[in-house]
Every structure is written in C-alpha cells, then in structure tokens.
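Shown next, in structure tokens, is the structure this report addresses.
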Amino acid sequence: MDIELGPEDLAFREDVRSFFAENAHKAGEDYNVWRLDWFKKARDKGGWDVPKWSAEFGGPGWTPTQHYIWEQETAQATLPWDMPFGIGMIAPIIMAHGNEEQQERFLPDIRGRKVNWCQGYSEPGAGSDLAALKTKAVLSDDGTYYTVNGTKIWTTMAQIADWIFCLTRTDDSGIKQEGITFLLFPMKQEGIEVKPIITLGGAHSVNMVHFTDVKVPVENRIGAEGKGWTYAKGLLQHERTGLAGISRSIVALENLKKQASTVKRGNGSLMDEPTFRAKVAELEIDLMASEFTELRSLASASAGSAPGPESSILKLKGTEIQQRIAKLTVEAGGIYSAAWGKPVGHKFAKGGMGGYLASRAFTIYGGASEVQKDVIAKNVLGLKRSSK
Amino acid sequence: MNFDFSQEQQMLQDSVSRFIQDNYDLESRIKSAGSKFGFSQDHWQTMAELGWLGLPFDEADGGFGGTQIDTMLLMEQFGKGLVLEPLLASVILGGGALKRGASTELKAEILPGLIDGSRQLTLAYAEEQAHFDLHDVTTTARSDGDGFVINGHKSMVLHAATADQIVISTRTSGGQIDEKGISLFLIDADADGVKRDNFPTVDGLRASEVTLQDVTVGKDRLIGELDGGFAILNDVASDAILALSAEAVGAMEVLYKDTVDYTQQREQFDHPLADFQVLQHRMVEMFMEYEQCKSLLYRATMEAAQGSSAAQRSVHALKHLVGKAGIFIAENAVQLHGGMGMTEELRIGHYFKRMIVIDAQFGNADYHLGKFAA
C-alpha cells in the first residue's frame, strides 16, 4: 500500500503536461481547426483522444494510476470542447453489444468527433422510472425497418445532434424492463421535431423531441429486440462513474478560495470569516475523502474485479460536492450574485449564479440521488426494493 | 500507487480478525470490562505472544518495524470487537513517545518488557484547563540537582491504574500555552507523590486523574530534548488519531451492518423495517459515511507512513470526519434499532458509546475542523 508515484508515472505526468502545453489553443487560431487537430495529435500519442476506450478498440490501455493522473491534469488544462454522448456513452455500448458491421460503421466517426450524438432516454412520463418509457417502435411486416412514434424529453444538445441513441418499446405484454429495444437513427430527417427547453440559468441545452413515423432500418438496432434495458443499464453505470467530477471539483474549490480572498471584509477577506471558512473546510475534507474513494474504485476496477461498493457512492458524493462549491461561489458574490446579464461587482459573481442554478440538475440527471440510494440499498446493502 | 496489502499484512489482518471472532462476543466483553483491571490479562499476554505489542517498534529495539499501515489494520479489527486491552495507551501512546525520543539506554530498559507484555505504559498529556490543546501545560518540572521535581495534575490518563510507568508532559520553561518549554519524562506510576484516582469511562475502558506532588525524577528519564517535548507529543497524538480512527472505522462497519441485519428481521406494519424507503436511505447514508471515512483513513495513514508533508492536514481532516460521521452512524444505528438500541443487551449501544468517546479523544470534530481551516 503506497501513494507515491513511481518513476514511470512521473514520466507519464510530464508527458501529459508537455502535450497540453505544446498544443494549447493560441490566440487567433481558428478554434475548430485547432480542436480537430488536437484530437488527431492526441490519437497519435497512442489513443489519448479516447482515454477510456479499451486497447482493443484503440484506447491507450492505461493503468488506474495513469487514468488518475490524466483526470488531474485535464482538470487544470483547457482541452478542446467535447461531448460525452458519443465517446463516453454510445461507443462503449456499441463495443459491448453492437455487431462488427456497426462497430465499423459508427466508431470511427465517433472517434473523429465528426458526428454529434444525443441520448433518447427520458420521456414526459418516464423520468426516474425510466423503464416506464412508451415511445413505440413497430417492426414492418417484412422485418426490415421499425416505425418509431413518441416523445423524448431533457434531450441534451438534440438541437445540434446528428444521431440519437434511443430506447423504444417494442413489446408491452411483459414486465416493463422487458420489451425495450435499443435503436440508433439520424436526427436530421422528416418526422423529428426538436423543441427547446430553457432551464433556470437561461441556457438552451435540453430539448423535447417528438418522433412521428420515423423509419429506422433493423441494421440500426443494437443487439436483440427487447433486450435494450440490459444494454442501457450498463451505459448508466458508465454515465454515473463519469459524473462525480472529483478532479474538476478540486480545481473549482481552489478557485473559490481565491475568489473569496478577494472579497474584502473589515481588514481581511471573506476567507477570514469563521463561518464561511468552516464551510469551505468541511467541503474540502469531503472532497479529500471522495478523491480517495475514487482511487479505491479505480484500483478495484484494475484488479479485474467488479467495482467495489465504494464506487456506488461516487456520483452521489461528487455531485453534492459540485453543488456545494457552486453555492458557496454565489454566497461569496453576496448581493452582486443577483445581477443578471450585466457584469457588475466582483468579477466572479457573474458566472456564479448561472453555475449554481445549473448545478441543481446534477443530483437529478443520470439517476436522481434518491434513485441512486435505492440502487445502493438493493445492490450493495442487499435490501429488497422498497414498498413505499 | 496501490491499495494492496502485503502478504504479511493480510496475515496480520486475518489473525487479528480471528482473535476478535473467537474472544470478543458481547458477553465476554462485558465480563472483561467489569473485571478488576477492566481487561483480560490472558488476552494481553496473547497479544504479546502474537507480536502485536511490538508492531510499531524498530527491529533493533525488538519490534517488528511496522508502519502506521500495520497499526491501522490491527486497530480496524480491534474496532470491530471493541477491544478493551490497553494497546493504544501502552504501545501507541507511551511506547510511541519512547520510540521517538528516548535514549538508547532507556529504550533498552523499557521496550523489551513493553513488547513482551510484562510492562505497561501510558501517557499523561491532558489537563483540565487545556480542552484539547496539547501545548496548554501547567504541570511543572523544576530542575533540582541531578534531576527534576514534578508538580501538577493530569486528566483522563488512559489505563493508568494498571500502568507501570507514565510518560508525562510538563512545563520546564515558557508560558502556559507555549509549544516550546514542554518536556516529557518517564515516571514510575507508584513513585512517591503520584496519586491515581481511578474510574471507568462510559465506553467500558479505564482512566485516572493523576496528581503529582513533589515527584522526583532523574534526568536520565527525560524523553527527547529539554523544552523540546512538544514535537514528540504532537507526532504521538497524530499516530493516536490514526489508530483511533482505524478503530472507529471498524466500529462503524459493525454499526451499519448490524443495522441492516436488524431492520430485515424486525417486522412492523406487516413489513420488515428494511422495506421502508425512509430507512433504506438512512442506511445508505450510514454506509456512504463509513466508506468516506475509510477513504480518508487510507489517505492520512499512507501519507503518514510515507512521511509526507501533507499528512498533518489529512490527520486533522480525518479526525473531523471520523468524529462527525461516527456519531451520525452510531446515533442512527440506535434510532433504527428503536427501543432495543437503547438497551445494554444489544451490542449497538456499546459501539455507540465508544464512538462518542473516540470523538472526544485527541480533539473532537469541531476542534480538528478549526485546525484544518487554520
């Protein structure tokens, strides 16, 4: 048991740092050209463009320590904009459950950041109770295509997405987890309507998406008909472990401390106020513990065993920490946090409120905290599904 | 970086775990706690024979050269059984001070007996006015000829009644709360002028108020430099916090797991209690706090074993979290056991009481939050 980085790990960290430094975006450089070039260079480093992919599919095959180093370094650097839906969410499903033809058809464009994906899971009547979804897919008589009708909601970035991976119902005769089929189809086609939903921070990132007689060839079905729930559950695991954001929170907390130090209080700053200081300290302690919970989880994953019980708490703890940082940032801004649109007062106050409002979603999406607790109760503590 | 235990460490863990399973059912513990010394002399001898009393000492001093990681493994298992034997007092506290500051001669005189179980030590560091500050010391040691004369009062000295020697913090110069000017001495527990007022603590352990009136001690009994005892005291306290936190983590595991078991058996409203979501979520929170404490325990212990400069801050963080989470888990374990949680019949209540005492030892959650934030 030790926490020292070995010589190879230190060398790896240096390598990562110099890669980020050498390839940072330069003033005046065309962003999109730089972005695609960055991913190409990362690919040439041996799969750094897809850190979490297995070596079999072109990933770097890092050790847990290397993943940890990468997380730490990426939290401090400015990387090109990227979305999780392709690389982090649908790709692992296609690798695990797609056929060879599908892997060849979809994975290269996902890796090249050429296609934007969105996730068609939640519906107006199926939120935390995802398996209650009703979007219907009916197989044609000749068995060559499905006709999809229904509505999805909270579809992040549907407005720019080229493709959607979508849970549909092909059979409602059995229990609701059965009869769900996993389909992939293009977003820019007749029968698909995207309506923006504006959230509390004023941003447009989520949408309502209506499907009317959308035709999807059977070649776009992942795995077997009716087995989509099983594949989706695996994806939710991927999504949840990625949502803790521990390394980013460490950087965010340091920023919060710096910001609060610029807020004058008497002869000192807000950071000298015992109540504020204590809240920051408690937050930092929880974060220090969570950092090691993540390391323990990484270590057990690398030992080849199933993720240990500690990994189940990461999404819950991690998102709660992100929310507490966002909230303290608003507190630090004081009354200036209330200004909307026009930057006045403390420099950080403007972004603070938007960040805080948006952060309230962290404990709702990807499985609300209460659902996460149900899952831990069942899978880790071995308790029956609750009756009330 | 890795979280694996070595083969020797796994063997240690197994052997302690087996000892607890074989010897530490609730009834035996209650009997032991009520006996004359408050613990079992037989168990103490077994612990010596198994090498546990020599774990943190250098091989040159007859020990096993273990680190804080080995102590952690031992203490986590101790926490599962709420072990009564004075290993913390004798080995970690008294022995820890000697290990860090005693002369070769003094070590050679004392440590072999400590390691073979024939000699028992403790540490007298607390004073009534000091709250949790190790550097608030009014007990004086006045230079007198070839030695020193000690006068003062020490509080809550763990297992002093059965101790042969006591390591004591005294003021030899400076003001009441100065870190400089504190000196550590090893005195005989039955020396002239030492009065021990012995009593049980709420968790079933033993402690004493110790008054010292013109107690003479030779300068060869000085541990560390004259006026330079604080650094040793502080390091010993850090080790004690790590050990207590490991014990607490072991106890937390019992508390949450017993609660999960009990609520599955107890039926109310035609359902096992564990069917109710409000109770499920409470138990999930108990489990999460336990895992977070374990993570921070690993972090602080590994940093300390490696001599990292980050260790001190992590120790403060750990003691804060363990105090806060330990009481949260323990109070909820009692709550979910209902009336039965209030009785001495179930072990839950005993773990609860130990958790309250652990929070108060070497600084409680608030105290360490303040230190961490400073």
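Protein sequence lines correspond, in order, to chains H and A.
Going by this note's numbering, the residue at position 305 of the first sequence is 305; the numbering climbs one at a time, nothing skipped.
Going by this note's numbering, the residue at position 259 of the second sequence is 259; the numbering climbs one at a time, nothing skipped.
For every residue, glycine included, the Cβ atom is placed at its ideal position computed from N, Cα and C.
Excluding residues up to 5 positions away in sequence, Gly120, Leu183 lie with their Cβ nearer than 6 angstroms to the Cβ of cysteine 166 of chain H in the same chain.
Here the alpha carbons of leucine 73 of chain A and methionine 11 of chain A stand approximately 10 angstroms from one another.
Taken through DSSP and simplified to helix, strand or coil, tyrosine 365 of chain H comes out as coil. Positions of the beta strand (DSSP E) runs, each at least 3 residues long and wholly inside the region 172-259 of chain A, are given as 182-188, 194-200, 206-218 in order along the chain. Nearest neighbour of histidine 131 of chain A by Cα position, chosen from A/Phe372, A/Glu247, A/Asn364, A/Asp146, turns out to be A/Asn364. In this structure, the alpha-carbon of alanine 161 of chain H lies about 51 angstroms from that of glutamine 265 of chain A. Restricting attention to alpha helix (DSSP H) runs no shorter than 4 residues, the region 15-46 of chain H encloses them at 31-44, ordered along the chain. A buried status is given to threonine 170 of chain A, since no fewer than 16 other beta-carbon atoms sit within 10 Å of its beta-carbon. The CB of glutamate 291 of chain A comes closer than 8 angstroms to the CB of Thr293, Pro309, Glu310, Ile313 in chain H, given here in chain order. Here valine 83 of chain A carries a coil assignment [DSSP, helix/strand/coil].
Rounded to whole angstroms, the gap between the alpha carbons of serine 118 of chain A and alanine 108 of chain A is 14 angstroms. Within 10 angstroms of the beta-carbon of asparagine 220 of chain H lie 16 or more other beta-carbons, which makes it buried. For glycine 38 of chain A, same chain residues with a beta-carbon under 7 angstroms away, outside a window of 5 residues either side, are Leu84, Pro200, Leu205, Arg206 in chain order. Nearest Cα to valine 322 of chain A within the set A/Tyr290, A/Met340, A/Thr138, A/Ile232: A/Tyr290. Annotated as distal: leucine 212 of chain A and alanine 97 of chain A, with beta-carbon spacing of 8 angstroms or more. Membership of alanine 141 of chain A in the beta strand (DSSP E) is indicated by the continuous run 140-144.
Taking C-beta separations shorter than 7 angstroms and ignoring five residues to either side along the sequence, the partners of alanine 326 of chain H in its chain run Gly355, Tyr356, Ser359, following chain order. With respect to chain A, the C-beta atom of glutamate 104 of chain H has no partner C-beta closer than 8 angstroms. Annotated three-state conformation of alanine 137 of chain H is strand, per DSSP.
The C-beta of leucine 10 of chain H has fewer than 16 other C-beta atoms within 10 Å across all chains shown, which makes the residue exposed. Inside the region 87-169 of chain H, DSSP marks whole beta strand (DSSP E) runs of 3 or more residues at positions 117-120, 136-139, 145-153, 163-169, from first to last along the chain. For the pair threonine 71 of chain A and alanine 243 of chain A, the Cα-to-Cα distance works out to about 7 angstroms.
Bounds of the alpha helix (DSSP H) holding asparagine 332 of chain A are 311-337. Rounded to the nearest whole angstrom, the C-alpha separation of aspartate 58 of chain A and serine 17 of chain A is 24 angstroms. The distance from the Cβ of alanine 349 of chain H to that of alanine 260 of chain H is about 11 angstroms, inconsistent with a contact at the 8 angstroms cut-off.
Between the beta-carbon of tyrosine 262 of chain A and that of histidine 337 of chain A there is about 6 angstroms, and that keeps the pair under the 8 angstroms contact cut.
When secondary structure is reduced to three states using DSSP, alanine 75 of chain H falls in the helix class.
The region 140-156 of chain H and the region 375-383 of chain H do not touch, with fewer than 3 CB-CB distances between them shorter than 8 angstroms. Counting the other Cβ atoms within 10 Å of the Cβ of glycine 98 of chain H gives 16 or more, which makes it buried. When rounded, the separation of the alpha-carbon atoms in serine 6 of chain A and glycine 79 of chain A is 21 angstroms. Taking 8 angstroms as the threshold, the shortest C-beta distance from serine 247 of chain H to chain A does not fall below it. Among the CB atoms of chain H, none fall inside 8 angstroms of the CB of histidine 337 of chain A. Around the beta-carbon of phenylalanine 269 of chain A, fewer than 16 other beta-carbon atoms lie within 10 Å, marking it exposed. When only Cα atoms are considered, valine 157 of chain A and glycine 65 of chain A end up about 27 angstroms apart. Chain order gives the chain A residues near arginine 277 of chain H as Ala373, where near means a beta carbon separation below 8 angstroms.
In this structure, the CA atom of glycine 63 of chain A is about 33 angstroms from the CA atom of glutamate 27 of chain A.
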